[in-house]
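Okay, structure first, notes after.
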Amino acid sequence: MSCHNCSQPQVLCSSEQLLLQPLWDRVRSWEALILSPFFPVIFSITTYVGFCLPFVVLDVLCCWVPALRRYKIHPDFSPSARQLLPCLWQTLYQHVMFVFPVTLLHWARSPALLPHEAPELLLLLHHVLLCLLLFDTEFFVWHLLHHKVPWLYRTFHKVHHQNPSSFALATQYMSVWELFSLGVLDMMNVTLLGCHPLTALTFHVLNIWLSVEDHSGYNFPWSTHRLVPFGWYGGVAHHDLHHSHFNCNFAPYFTHWDKILGTLRPASVR
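Take the sequence shown: its position 242, counting from 1, is numbered 252 in my numbering, and each next residue is one higher.
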């Protein structure tokens, strides 16, 4: 972007871009990989598994370090290998057999180029928050329908509820329809808002982390719901109540839609 004859607001805007430019330049050094049809699958799997692994390790350590159980929603539960491995296999299988072919078709139809300039920091934060709020609203409607319509629950959503006690690798233990429909919502918001690729990556990483945290079964002093004031964010205990009661807490992250429609069941925070 040229800075000749810029007004003062434009100069400030440019300085905001400079804050993220070194990071974006580093990301762009991987441009060949990022623009390949393999990147969405590699990015999704590595980010997801990378976020799950610390919780898997904690579940193993709980057997030898009982003090860790004070942070577990269900202190006496630890997922077995017979529960963990099918969840991991299903995630890998669905991404390779279904997500990758769709990604390949999209890549062939609409090749893209990465912009040279980083996004403005405030715009990135604004878009990430909007994407989270939009996804939260869309997921709430989707989720409510899949619980209130018996055919939708039996056919598509029941798979996700086969593990009554949540654990991190069960986050993406879901039907192909659920994986695709939620993926479409995820991408649709980024596209509608015209997000910069760095913004999109930031949102995807945050969205994956929050979903894994919600299913992790661990309620730490630094968990997200403790960092957001006034009970606006539900968190892991909030989502665990949904898995145990089925008729409450349908929003994935925030609490306002459940409050408005009377489906909120407050979680006791230890």
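Glycine included, each C-beta is placed from N, C-alpha and C at the ideal position.
- Leaving aside the five residues that flank residue 177 on each side, the residues in its chain whose CB is nearer than 6 Å to its CB run, in chain order, 89, 227.
- Contact between the segment 53 to 61 and the segment 214 to 221 is present, with at least three C-beta pairs closer than 8 Å.
- Residue pairing for residue 82: DSSP places it in a beta bridge opposite 228.
- Under the rule that a run must span 4 or more residues, the alpha helix (DSSP H) segments found entirely inside the segment 107 to 191 read 110 to 119, 131 to 158.
- Within its own chain, the residues whose Cβ lies closer than 6 Å to the Cβ of residue 219, once the five positions on either side in sequence are excluded, are 61, listed in chain order.
- Annotation: residue 264 is outside any alpha helix (DSSP H) and is labelled neither H nor E by DSSP.
- With contacts defined as CB atoms closer than 9 Å, residue 55 and residue 247 fail to qualify as a contacting pair.
- The beta-carbon distance between residue 149 and residue 262, rounded to whole angstroms, is 5 Å. This is short enough to meet the 8 Å contact definition.
- A direct Cα-Cα distance of roughly 28 Å separates residue 241 from residue 205.
- In chain order, 62, 66, 94, 97, 98 place their CB closer than 7 Å to the CB of residue 179, counting only its own chain and leaving out the 5 sequence neighbours on each side.
- Across the structure, residue 273 and residue 124 are spaced so that their CA atoms are roughly 43 Å apart.
- Under the DSSP definition of a beta bridge, residue 243 partners with 264.
- In the displayed model, residue 213 falls within a helix according to three-state DSSP.
- Around the beta carbon of residue 209, a 10 Å sphere encloses 16 or more other beta carbons of the protein chains shown; the residue is thus reported as buried.
- Here residue 221 carries a helix assignment [DSSP, helix/strand/coil].
- Nearest to residue 165 by C-alpha distance, out of 174, 155, 33, is 155.
- In this structure residue 243 is buried. Its beta-carbon is surrounded by 16 or more other beta-carbon atoms within 10 angstroms.
- A distance below 7 Å between beta-carbons, with the five flanking residues on each side excluded, links residue 146 to the following residues of its chain, in chain order: 261, 262, 263, 264.
- A direct Cα-to-Cα measurement between residue 136 and residue 73 gives close to 42 Å.
- When the five nearest sequence neighbours on each side are left out, the beta carbons in the same chain lying within less than 7 Å of the beta carbon of residue 200 are those of 141, 210, 213, in order along the chain.
- In the three-state DSSP reduction, residue 53 falls in the helix class (H, G or I).
- Counting of Cβ neighbours within 10 angstroms places residue 182 among the buried residues, the total reaching 16 or more.
- Per DSSP, reduced to three states, the secondary structure at residue 236 is helical.
- A straight line joining the alpha-carbon of residue 34 with that of residue 127 spans about 8 Å.
- Of 236, 48, 41, the smallest CA-CA separation from residue 105 is found for 48.
- Taking the C-beta atoms as reference points, residue 194 is found no nearer than 9 Å to residue 110.
- Burial state of residue 77 is exposed, judged by a 10 Å Cβ sphere holding fewer than 16 other Cβ atoms.
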